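Take 6 as the starting number for the sequence shown in our numbering and just add one per residue.
The C-beta atom is built at its ideal place from N, Cα and C for all residues, glycine as well.
A quick note: this is a predicted structure, and the numbers were derived from the prediction, not measured.
Everything on this sheet refers to the single structure shown next.
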Amino acid sequence: MSISSVSSSLYSSLAQLFQPSDSSESVSDETLKMPPPPPPKDKGGMMNDLQSALSELGIGSDSDSDSDDQLQSFMNTLMTTLHAQGTSDASTSSGTNPMKTDLQSLLTKLSSGDTSSDSSIGQLQSQFSSLLDSLGASDSGVSLTQFLQSFGDKLPDGAPTGSLVNLTA
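The following block contains the structure:
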């Protein structure tokens with residue numbers, strides 16, 4: 006058997022795979038060349054949870070680019086601050102949600118006023134003020150603690166399932 010006969014039989018086998026099973030179906034060359042549609046402009050689960058927590062506190066979330074940027078910036082700072090709490094390592098083995106455990110630790114620090122030892126908490130408070138300003142809610146009276154409690158209610162209690170990736174270097 007020569008290489009050309011193997012390749013031609015392989016080609017015909019592949020061609021049969023791409024043949025429509027029903028003769029009424031036809032696939033045009035254009036359909037095969039088109040890329041898949043882009044994913045929907047969903048902000049993702051956590052961003053939706055943050056916006057939902059804001060809504061529950063009576064703060065409307067405008068969908069302009071400035072408030073979206075502020076919300077993204079706040080979320081990044083929140084994740085950094087939660088990671089700095091360092092309690093998630095112990096909670097992972099106990100079956101609880103590590104993010105929720107870190108959030109409880111952060112809330113404890115905020116309610117006790119023990120924020121001077123952690124600069125990321127000051128940055129988080131500043132980001133929250135900027136977020137409220139961008140949403141036109143700086144005079145709403147909503148505190149960071151109230152917001153974090155509302156956000157924490159949206160987090161599942163159990164440990165997350167799926168693949169966890171450690172991004173520390």
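- Counting the other Cβ atoms within 10 Å of the Cβ of Met104 gives 16 or more, which makes it buried.
- In this structure Ser139 is buried. Its beta-carbon is surrounded by 16 or more other beta-carbon atoms within 10 angstroms.
- One alpha carbon belongs to Gly65, the other to Leu59, and they sit about 7 angstroms apart.
- In this chain, the alpha helix (DSSP H) harbouring Leu136 covers Ser124 to Ser139.
- DSSP places Gly65 in no alpha helix (DSSP H); its state is neither H nor E.
- Using a Cβ distance threshold of 8 angstroms, Leu62 and Phe133 do not count as a contacting pair.
- Secondary structure of Gly100 (DSSP, three-state): coil.
- Note: Gly50 is not bridge-paired with any residue in the DSSP secondary-structure output.
- Here Ala89 is not near Ser135, since their CB atoms are 8 angstroms or more apart.
- About 11 angstroms separates the CB atoms of Asp107 and Lys114; that is not less than 8 angstroms, and the two are not in contact.
- In its chain, beyond the 5 residues on either side, Lys105, Leu108, Gln109 and Leu112 have a beta carbon closer than 8 angstroms to the beta carbon of Gly157.
- Distances from the CA of Met51 to each of Gly146, Met80 and Gln75 were compared; the closest alpha carbon is that of Met80.
- DSSP, read as helix, strand or coil, puts Gly163 in strand.
- Classified as exposed, Thr85 has fewer than 16 neighbouring CB atoms from the shown chains inside 10 Å of its CB.
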